[in-house]
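Last residue of the sequence shown? That's 686 in the working numbering, and every number before it is there in order.
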Amino acid sequence: MDRRAVAVARALAMDAVETAGSGHPGTAMALAPVAHLLFQRHVRHDPADAGWEGRDRFVLSCGHASILQYTQLYLTGYGLGLDDLRRFRQLGSLTPGHPELGHTTGVETTTGPLGQGVATAVGMAMALKRDEGRLTGGGAVARGEVPARTVWVLCSDGDLQEGISYEAGALAGRHRLDNLVVVWDDNSIQIEGSTDLTTREDTAARFAAQGWFVQTVGLGADGDIDTAALDRALSTAHAHEGRPSLIVLKSRIAWPAPNATNTPASHGAPLGAAEVAATKALLGVADEPFTVPADVLEHTRAARGRGAELHRAWDTALAEWALVHPGLAAARERAIRPLDPAEAADALPVFEPGAAVAPRDASGQVIQALAERLPRLWGGSADLGDSNRTTIGSGGSFLPADEDSGHGAGGHGLSGRNIHWGVREHAMAAALNGIALVGYDTPFAGTFLVFSDYERPSLRLASLMRLPVVHVWTHDSVALGADGPTHQPVEHLASLRAMPGLSVVRPADAAETAAAWLAALGRPGPVGLVLARQALPVLPTPADAVREGVARGAYVVAGAEETEGAVDVVLLASGSEVSLALGARKTLAGRGITARVVSVPCKDWFAEQDAAYRDAVLPPAVRARVVVEAASVFGWHDLLGDAGRAVTIDGFGTSASASDAMTAMGMTEEAVVAAALESLDMAGSR
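The structure is reproduced here in structure tokens:
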């Protein structure tokens, strides 16, 4: 029956791709035995309750083979039907070209960009390890009273060729994530031909050197995957302690197609009707598309009974654990309950107006305050904790359970709250997504704004999935100084703002920084906090007005008392340039020109407001406008209007002190005044 079920799964993969006229049949055909073993025997899952807390996680990192996962979701009873497979890759179907979180029941993460699934799975394993620390009380309770949850990954050659896999592999090995099992489909074929064209790396040796437990499974006598050996390897990997597991699986792409097996063409194109018919004859299945014998479906749907029993057993173990360890249970409940930012609002630091405070320093103070109130808050930086101010002072270091770095007084091992990502922005951002997907923690990660480039694929997936992650990006402009143009971001704000669903927030001072953190914690999607390195004066705006203004994305910081008709020009600025705009406002006032200064910490949040609010902040009748930002002007023209002018930086920076660099790049009060006068002339208002 297992062999028949695998044959049917292979046939369904071929049929779905043929019907769609596009897709990736080869990998889905080759790995059908692997997926069957996982979903029937190894992955702890309950098709009747896809969100069950005690489940393992399954990640199809080679997301182009999505029909492999959809077929198993259908066969095991997750709610997909044959009609959904027939509509593979069609508009509005539940079976899109790549797996999408929230779109198809049973899909744990959106995958497709190769390498992302592997790195996201590392974050999932970290989050489940952290919860294991809560369940064991940091070692006070024997491991296993509540069965550990495992993250299972299927990945391809392309996944492990992407550089992110190196970073993720090193991270998993360092943290000894023995709840992570990766099956690598080592079929030696990619789109352009043999993988020998691109690499002769000993991948197994690479992972072994990174601290992984590595096994190899070859082909059976029939030329197919040796499923008995794979079954044993999966069991061994699941039981292995102290290291993450990699199973090197030799497969034959598109097996057993008589003419397509081991061909690059089978990777990403339909096999054709003749080849499908010939393959089905070899498999011994019906030639009619989408034919599933009733006894085969009954056999595979037994996964529902297995899942129900696993569900009951895990829930019972958790309940018994809570009775025996009520203190740990209460602490865990406090730690993982949904986040309410209001709980921490009164704990936020208060900054005196006029004081000079760098937003990155203010952010560090806010993190300390939030950490005291919100046990869910957990994070670190890419070896820039001191520069980003992301270290939780009393948090200790997140490390394997038996290690103590002495980094802080607040615990160590699995209870540590500071993640030392190393110089690994690629894997850090992807793993952050994995932590958020598990749902127990609110994770954050820090680096310099210029290095957000390394995080972009993961940021895009976080935006697609609307994950509540916080990125702390410091050193936000040429004002970072003498490190020079390689470290001075110019185009980054514009490019990040262009990403749908990512909220980019650039506070003007310490008070706005605190308000930005509070607003970020209440948002459903990813937020990037863009923070200046240099000290900035704290504006005299009342705290309540700052919090409301930041949450709305833009607000008036000077000139709110002026009626619309009395405002001559509006100066819009973000970050450190708000102070620059305020200085220019005074100069303009001396010339009899009334300027309103608007702080715009987040353009997207401002765009979400109703027209009445937007018009109150930025009166439509006032056409004279100036944007002031130490970055590219790209993306500001919707607010500039037809008569606006920009004081921005549209070339790379320079190596100099902060003040000299800003002056050299034209970021001066004089430039703002001149731009305001030009805009007034253009608008016919002077």
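Virtual Cβ for every residue (Gly too), placed ideally from N, Cα, C.
It should be emphasised that the depicted structure is a prediction, and the values quoted were computed from it without experimental measurement.
Close Cβ partners of residue i (< 7 angstroms) along its chain, the five nearest in sequence each way excluded
i	result
Ala233	Gln215, Val217, Ile247
Leu348	Val366, Ala369, Ala514, Leu518
Val276	Met14, Glu18
Asp642	Arg623
Leu38	Phe58, Trp152
Gly123	Ala430, Ala431, Leu432, Asn433, Gly434, Ile435
Val118	Ser61, Val153, Cys155, Asp159, Ser165, Ala168, Val182
Phe290	Leu12, Asp15, Leu82, Leu85, Arg86
Val6	Ala32, Pro33, His36
Ser679	Val569, Ala624, Arg625, Val626, Ala643, Gly644, Arg645
Cutoff 6 angstroms; reference residue i; Cβ partners in own chain excluding five residues on either side
i	result
Gly484	Ser655
Met428	Ala382, Trp421, Ala445
Ala371	Leu377, Ile392
Phe398	Gly416, Ile419
Glu629	Ser574, Glu577, Thr648
Ala65	His24, Thr27, Ala28
Residue environment, residue i, which counts as buried when at least 16 other CB atoms sit within 10 Å
i	result
Gly590	exposed
Ala543	exposed
His189	This sequence places Ile at residue 189; His is not what is there. Buried, because 16 or more other Cβ atoms sit within 10 Å of the Cβ of Ile189.
Ser22	exposed
Glu320	exposed
Ser659	exposed
Phe58	buried
Met1	exposed
Thr391	buried
Lys586	exposed
Ala330	exposed
Arg200	exposed
Ile191	exposed
Asp178	buried
His24	buried
Asp638	exposed
Ser194	exposed
Glu100	buried
Met667	buried
Pro359	buried
Glu512	buried
Gly354	exposed
Val350	exposed
Those residues which DSSP pairs with residue i across a bridge
i	result
Cys62	Its beta-bridge partners do not exist; DSSP assigns none.
Arg645	Val626
Ala558	Val597
His397	First, the residue type needs correcting, since residue 397 is Ser and not His in the sequence shown. DSSP, once it has assigned bridges, lists Asn418 as partnering Ser397.
Arg57	Val151
Ala356	Pro537
Leu180	Val151
Gln689	No answer is possible for residue 689: it lies beyond the span of the chain, which begins at 1 and ends at 686.
Asp185	Leu249
Ala445	Gly380, His471
Gln215	Ile247
Leu571	Val597, Val626
Ile738	Residue 738 lies beyond the residue range present for the chain, which begins at 1 and ends at 686; the question has no answer from this structure.
Inter-residue CB distance, residue i and residue j (contact presumed, cutoff 8 angstroms)
i	j	result
Val478	Ala661	5 angstroms
Asp159	Leu114	5 angstroms
Arg4	Val296	5 angstroms
Asp509	Leu536	5 angstroms
Tyr78	Pro47	5 angstroms
Leu618	Val598	6 angstroms
Val673	Ala584	5 angstroms
Pro443	Val469	6 angstroms
Leu414	Glu132	6 angstroms
Val141	Leu384	At roughly 35 angstroms, the Cβ-Cβ gap does not stay under 8 angstroms, so Val141 and Leu384 are not in contact.
Pro256	Leu283	7 angstroms
Close beta carbons around residue i, own chain, < 8 angstroms, minus the five adjacent residues each side
i	result
Phe652	Pro485, Gln488, Val490
Gly406	Low confidence applies here, because Gly406 scores a pLDDT of 48, under 50, leaving its location unreliable and the question unanswered by this model.
Leu219	Ile225, Asp226, Lys250, Ser251, Arg252
Ala273	Glu18
Pro147	Arg44, Gly54, Ala313, Trp314, Ala317
Ala204	Val214, Thr216, Leu246, Val248
Residue-level contact to chain C via CB, residue i, 8 angstroms cutoff
i	result
Glu241	Structure shown: chain C not included; a single protein chain is present.
Query - Complete runs of the alpha helix (DSSP H) confined to the segment 573-639 [at least 4 residues] - result: Runs of the alpha helix (DSSP H) inside the segment 573-639: 577-590, 603-608, 611-617.
Requested in this report: Jot down the residue ranges of each uninterrupted alpha helix (DSSP H) in the segment 479-545, minimum 4 residues, whole runs only, in chain order.
Outcome: Fully enclosed alpha helix (DSSP H) runs of 4 or longer: 492-497, 510-521.
Query raised in the report: In the segment 287-345, which residue ranges form an unbroken alpha helix (DSSP H) of at least 4 residues, counting only runs that do not cross its ends?
Result: The segment 287-345 contains these whole alpha helix (DSSP H) runs: 294-300, 302-324, 326-336, 342-345.
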